[in-house]
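As C-alpha coordinates, the structure follows; a few thoughts come after it.
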Amino acid sequence: MIAYTTLGVADFDRAKKFYDDLLGVMGVKYVMGNERIALYGTDVHNPMLAVCIPYDEQAPSAGNGTMVAIRAGEPEDCDALYAKAIELGATCDGPPGERSAGFFYGGYVKDLDGNKLCFCKIGPQ
(Lines of atoms letter the chains of each structure in order from A and count residues from 1; the text may use other names and numbers.)
(Lines give C-alpha, C1' and ligand atoms only; values in the text may rest on other atoms or scores of the structure.)
Protein backbone atom coordinates (compact mmCIF):
# COMPACT_ATOMS: atom_id res chain seq x y z
CA MET A 1 0.00 0.00 0.00
CA ILE A 2 2.70 2.56 0.87
CA ALA A 3 4.97 3.59 -2.03
CA TYR A 4 7.16 5.98 -0.04
CA THR A 5 7.24 8.26 2.98
CA THR A 6 9.01 11.62 2.94
CA LEU A 7 10.84 13.49 5.69
CA GLY A 8 11.47 17.20 5.19
CA VAL A 9 15.03 18.36 5.76
CA ALA A 10 16.78 21.73 5.93
CA ASP A 11 20.20 20.71 4.60
CA PHE A 12 19.78 18.15 1.82
CA ASP A 13 23.46 17.17 1.51
CA ARG A 14 23.81 16.68 5.28
CA ALA A 15 20.59 14.62 5.43
CA LYS A 16 21.59 12.51 2.43
CA LYS A 17 24.93 11.67 4.05
CA PHE A 18 23.16 10.80 7.34
CA TYR A 19 20.67 8.45 5.64
CA ASP A 20 23.27 6.97 3.24
CA ASP A 21 25.38 5.95 6.26
CA LEU A 22 22.49 4.96 8.53
CA LEU A 23 20.42 2.91 6.10
CA GLY A 24 23.54 1.34 4.61
CA VAL A 25 23.87 -0.58 7.90
CA MET A 26 20.83 -2.63 6.87
CA GLY A 27 21.71 -2.93 3.19
CA VAL A 28 19.24 -0.26 2.10
CA LYS A 29 20.53 2.00 -0.66
CA TYR A 30 19.79 5.22 -2.50
CA VAL A 31 17.36 4.18 -5.24
CA MET A 32 16.50 7.40 -7.06
CA GLY A 33 16.18 11.14 -6.69
CA ASN A 34 17.32 14.55 -7.85
CA GLU A 35 18.76 17.76 -6.37
CA ARG A 36 16.00 18.05 -3.73
CA ILE A 37 14.87 14.48 -2.95
CA ALA A 38 16.59 11.15 -2.24
CA LEU A 39 14.62 7.91 -2.04
CA TYR A 40 16.00 4.86 -0.21
CA GLY A 41 14.93 1.24 -0.35
CA THR A 42 15.71 -2.08 -1.96
CA ASP A 43 14.12 -1.10 -5.29
CA VAL A 44 11.30 1.08 -6.65
CA HIS A 45 8.78 -1.76 -6.34
CA ASN A 46 8.92 -1.85 -2.53
CA PRO A 47 8.21 0.85 0.07
CA MET A 48 10.84 3.58 0.19
CA LEU A 49 11.89 6.30 2.62
CA ALA A 50 12.67 9.72 1.15
CA VAL A 51 14.36 12.84 2.48
CA CYS A 52 13.60 16.07 0.70
CA ILE A 53 13.70 19.83 0.68
CA PRO A 54 10.00 20.76 1.03
CA TYR A 55 8.39 21.53 -2.32
CA ASP A 56 7.14 24.92 -1.08
CA GLU A 57 10.74 25.76 -0.08
CA GLN A 58 9.58 26.74 3.42
CA ALA A 59 11.36 25.46 6.52
CA PRO A 60 10.74 21.77 7.22
CA SER A 61 9.08 20.81 10.48
CA ALA A 62 8.78 17.50 12.28
CA GLY A 63 5.21 16.53 13.10
CA ASN A 64 4.18 16.06 16.72
CA GLY A 65 3.05 12.44 16.91
CA THR A 66 4.56 11.65 13.50
CA MET A 67 7.14 8.87 13.36
CA VAL A 68 8.61 6.52 10.79
CA ALA A 69 9.13 2.97 12.09
CA ILE A 70 11.83 1.02 10.27
CA ARG A 71 11.64 -2.77 10.54
CA ALA A 72 15.16 -3.67 11.56
CA GLY A 73 15.04 -7.45 11.93
CA GLU A 74 16.23 -8.78 15.27
CA PRO A 75 16.71 -6.79 18.51
CA GLU A 76 20.47 -6.64 17.91
CA ASP A 77 19.78 -5.05 14.50
CA CYS A 78 17.61 -2.43 16.24
CA ASP A 79 20.48 -1.79 18.66
CA ALA A 80 22.98 -1.41 15.80
CA LEU A 81 20.80 1.05 13.87
CA TYR A 82 20.09 3.05 17.01
CA ALA A 83 23.82 3.22 17.84
CA LYS A 84 24.70 4.23 14.26
CA ALA A 85 22.07 6.99 14.29
CA ILE A 86 23.44 8.37 17.58
CA GLU A 87 26.99 8.16 16.18
CA LEU A 88 25.83 10.18 13.13
CA GLY A 89 24.38 12.94 15.33
CA ALA A 90 20.80 11.84 16.01
CA THR A 91 19.41 12.35 19.53
CA CYS A 92 17.89 9.68 21.76
CA ASP A 93 14.13 9.69 22.06
CA GLY A 94 13.95 6.34 23.87
CA PRO A 95 16.75 3.77 24.14
CA PRO A 96 16.28 0.33 22.57
CA GLY A 97 14.36 -2.16 24.63
CA GLU A 98 11.34 -4.41 24.89
CA ARG A 99 8.14 -2.39 24.88
CA SER A 100 5.26 -4.83 24.66
CA ALA A 101 5.56 -8.09 26.60
CA GLY A 102 7.84 -9.95 24.22
CA PHE A 103 6.11 -8.76 21.05
CA PHE A 104 7.76 -5.40 20.29
CA TYR A 105 11.36 -4.25 20.60
CA GLY A 106 12.38 -0.78 19.51
CA GLY A 107 14.74 2.15 19.87
CA TYR A 108 13.80 5.76 19.08
CA VAL A 109 15.84 8.68 17.76
CA LYS A 110 15.30 12.10 16.26
CA ASP A 111 17.35 12.71 13.13
CA LEU A 112 19.34 15.86 12.37
CA ASP A 113 16.12 17.74 11.52
CA GLY A 114 14.04 16.44 14.45
CA ASN A 115 12.18 13.74 12.50
CA LYS A 116 11.37 10.81 14.81
CA LEU A 117 12.49 7.33 13.78
CA CYS A 118 11.95 3.96 15.43
CA PHE A 119 14.09 0.92 14.66
CA CYS A 120 11.95 -2.06 15.60
CA LYS A 121 11.25 -5.76 15.61
CA ILE A 122 7.56 -6.60 15.68
CA GLY A 123 6.55 -10.13 16.57
CA PRO A 124 7.61 -12.75 19.09
CA GLN A 125 11.05 -12.06 20.52
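In my numbering, the protein residues as written are 48 to 172.
Just so you know, even glycine gets a beta-carbon here, dropped at the ideal spot from N, CA and C.
| Item | Value |
| --- | --- |
| With distances taken Cα to Cα, identify the nearest neighbour of GLY80 among ASN111, GLY74, PHE59, GLU123. | PHE59 |
| Taking only three categories from DSSP, how would you classify PHE150? | coil |
| From the DSSP output, read off the bridge partner residues of ALA97. | THR53, LEU86 |
| Three or more C-beta pairs closer than 8 Å, one from the region 80-99 and one from the region 132-144: is that the case here? | no |
| Among PRO101, ASP103, VAL78, which has the Cα closest to the Cα of VAL91? | VAL78 |
| In whole angstroms, what separates the C-alpha of GLY110 from that of VAL156? | 14 Å |
| How big is the Cα-Cα spacing for PHE150 and LYS168? | 8 Å |
| With DSSP as the reference, please indicate the residues paired to LEU164 in a beta bridge. | VAL115, VAL156 |
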